[in-house]
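The opening residue of the sequence shown carries number 0 in numbering that gives the first Met the number 0; numbering runs sequentially from there.
Positions of the beta carbon are idealized from the N, C-alpha and C atoms, including for glycine.
Read the structure below first, then the notes.
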Amino acid sequence: MIHHLSRYGRVKGIEVDPRPVAMAQARGYDVRQGDATRSIPFPDASFDLVTALDVIEHVDEDEAILREAYRVLRPGGIFAVTTPAFQWLWSYNDVLNGHKHRYTPRELRQRAKRAGFRVRRLTFGFFLVFPLSAPLIVLRNWLGRKQELSSYHFEEDAYQVEMEPVAPWLNTLLRGVGRIEAAMVARVNLPIGTSLMCVGEKL
0 MIHHLSRYGR
10 VKGIEVDPRP
20 VAMAQARGYD
30 VRQGDATRSI
40 PFPDASFDLV
50 TALDVIEHVD
60 EDEAILREAY
70 RVLRPGGIFA
80 VTTPAFQWLW
90 SYNDVLNGHK
100 HRYTPRELRQ
110 RAKRAGFRVR
120 RLTFGFFLVF
130 PLSAPLIVLR
140 NWLGRKQELS
150 SYHFEEDAYQ
160 VEMEPVAPWL
170 NTLLRGVGRI
180 EAAMVARVNL
190 PIGTSLMCVG
200 EKL
């Protein structure tokens, strides 16, 4: 994600796992090893934007991350967070990814407010595929089906969580659907989805 954000300014990163830290540093990115639930190595009010993209669901102390984000943001700075939605969509994929929790909009809004943020936007993601993906997740859970995929949470030699294989034609179709949804979410909040996106402002 750093290479995408770098188009908009200077980017610094924090990662708890030394393996991706070493990889990012080898590629020339300013990424430091650290635990975002504790005091991160940046001074107060030093950033215009802080992101936690699919991060808070990995820890029990999720609100500690939001408080640290608030601390290092300048007044008027923006905090953007994405996280999986709905605990009833919990699946083996959450286990592979080391998740602790999936969130409702109310839970995410309350956590952002308690950290001090004014919530500017709160919307779902993956809205257009939800009518297919949600029943598929529920059906797989009911059938007890588990994809045999590698995960660095359980295997020392795995660099990341292995993605489930997708046919090239389906991948192309999903990219197109993603572009349509990106245009939609730029204008309106989406009513349902498998993911949540929240934008908060430090007052």
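Distance CB(residue i)-CB(residue j) smaller than 8 Å
{"i": "alanine 23", "j": "valine 54", "result": "no"}
{"i": "isoleucine 39", "j": "glutamate 56", "result": "no"}
{"i": "leucine 121", "j": "asparagine 170", "result": "no"}
{"i": "leucine 88", "j": "alanine 133", "result": "yes"}
{"i": "alanine 51", "j": "glycine 192", "result": "no"}
{"i": "threonine 81", "j": "serine 5", "result": "no"}
{"i": "arginine 119", "j": "leucine 65", "result": "no"}
{"i": "lysine 99", "j": "valine 58", "result": "yes"}
{"i": "leucine 202", "j": "proline 42", "result": "no"}
{"i": "valine 203", "j": "valine 128", "result": "In the structure as shown, the chain starts at 0 and stops at 202, and residue 203 therefore has no counterpart that could be examined."}
Reference residue i; option with closest CA among the options
{"i": "aspartate 16", "options": "Arg31, Val176, Ala111, Arg70", "result": "Arg31"}
{"i": "arginine 70", "options": "Asp59, Glu60, Arg37", "result": "Arg37"}
{"i": "threonine 103", "options": "Ser90, Gly12, Met196", "result": "Met196"}
{"i": "tryptophan 141", "options": "Ser194, Lys201, Ser90, Val80", "result": "Ser90"}
{"i": "arginine 78", "options": "Gly97, Val58, Lys99, Leu107", "result": "Correcting the residue type first, residue 78 is phenylalanine in the shown sequence and not arginine. Comparing Cα positions, the closest option is Leu107."}
{"i": "arginine 20", "options": "Leu138, Gly8, Ile1, Gly97", "result": "It should be pointed out that residue 20 corresponds to valine in this sequence rather than to arginine. Selected option, being the one with the closest Cα: Ile1."}
{"i": "glutamate 154", "options": "Lys145, Gly97, Ala182, Ile13", "result": "Gly97"}
{"i": "isoleucine 13", "options": "Asp29, Ala25, His3", "result": "Asp29"}
{"i": "alanine 44", "options": "Arg144, Arg139, Leu72", "result": "Leu72"}
{"i": "tyrosine 7", "options": "Leu138, Val49, Ala182", "result": "Val49"}
N- and C-terminal bounds of the beta strand (DSSP E) containing residue i
{"i": "leucine 52", "result": "46 to 52"}
{"i": "glutamate 14", "result": "12 to 14"}
{"i": "isoleucine 191", "result": "Here isoleucine 191 belongs to no beta strand (DSSP E), and DSSP marks it neither H nor E."}
{"i": "arginine 31", "result": "30 to 32"}
Cβ separation of residue i and residue j, assumed to be a contact under 8 Å, to the nearest whole Å
{"i": "glycine 199", "j": "phenylalanine 116", "result": "3 Å"}
{"i": "phenylalanine 46", "j": "glycine 76", "result": "6 Å"}
{"i": "arginine 105", "j": "aspartate 93", "result": "Not really, about 20 Å apart at Cβ, beyond 8 Å."}
{"i": "alanine 114", "j": "glutamate 62", "result": "6 Å"}
{"i": "leucine 148", "j": "valine 160", "result": "7 Å"}
{"i": "glutamate 163", "j": "phenylalanine 126", "result": "The pair is not a contact, with the Cβ atoms about 20 Å apart (cut-off 8 Å)."}
{"i": "tyrosine 151", "j": "arginine 9", "result": "Rounded, the Cβ-Cβ distance is 28 Å, inconsistent with contact."}
Segment limits, alpha helix (DSSP H) that includes residue i
{"i": "glycine 124", "result": "No alpha helix (DSSP H) contains glycine 124, which is instead part of the beta strand (DSSP E) from 116 to 124."}
{"i": "valine 20", "result": "17 to 25"}
{"i": "phenylalanine 175", "result": "Here residue 175 turns out to be glycine, not phenylalanine, going by the sequence shown. Taken as a continuous stretch (DSSP letters only), the alpha helix (DSSP H) holding glycine 175 covers 167 to 184."}
{"i": "valine 80", "result": "Unbroken run through valine 80 is the beta strand (DSSP E), 72 to 83; no alpha helix (DSSP H)."}
{"i": "arginine 108", "result": "104 to 113"}
{"i": "tyrosine 151", "result": "Neither: tyrosine 151 is in no alpha helix (DSSP H) and is coded neither H nor E."}
{"i": "isoleucine 136", "result": "129 to 142"}
{"i": "asparagine 92", "result": "91 to 95"}
{"i": "isoleucine 55", "result": "From DSSP, isoleucine 55 is part of no alpha helix (DSSP H); its letter is neither H nor E."}
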